[in-house]
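According to my numbering, the sequence shown holds residues 325 to 417 in order.
The structure appears right after this line, and notes come after that.
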Amino acid sequence: MRPARCRRGCTELLRRGLPAICLETQHVRAALHAQRNKTDRADALGIAHIMRTGWFWRAHIKTAPCYRLRLLLTHRRNLKRNCSISRMRSGTR
């Protein structure tokens with residue numbers, strides 16, 4: 325899963341008391357890169373093999389407040405950028 329979906333899915337599964345692990349996508353991609361046939365079934369078998377052998381890295385799942393803070397900082401950066409662009413445009417007239 326992509327990180328955002330993984331966070332929502334894993335937190336919901338953990339909240340319900342079910343076991344869930346979010347894998348590091350780059351590591352899984354590198355492990356599956358040597359596959360001959362690139363199909364969904366082959367990917368599923370490859371991921372199952374990684375899980376069976378324990379050869380995986382857990383992805384760090386950030387908390388909801390961390391995501392919110394990052395969103396606020398991104399909005400702040402965009403507002404500052406837009407403000408400085410507006411100042412430059414108004415100064416050239």
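No residue lacks a Cβ here, since even glycine has one placed at the ideal position from N, Cα and C.
Only a predicted model underlies this, so the values are computations on that prediction, with no experimental measurement involved.
By the Cβ-count criterion, residue 331 is buried, with 16 or more other Cβ atoms from all chains shown falling within 10 Å of its own Cβ. The segment 406-417 makes no contact with the segment 371-379; the number of CB pairs closer than 8 Å stays below 3. Using a Cβ distance threshold of 8 Å, residue 374 and residue 355 count as a contacting pair. Per DSSP, reduced to three states, the secondary structure at residue 340 is coil, with no helix or strand assignment.
In the structure shown, residue 360 falls within a coil segment according to DSSP collapsed to helix, strand and coil. By the Cβ criterion, the segment 335-344 is not in contact with the segment 393-408, since fewer than three pairs of Cβ atoms, one from each stretch, lie closer than 8 Å.
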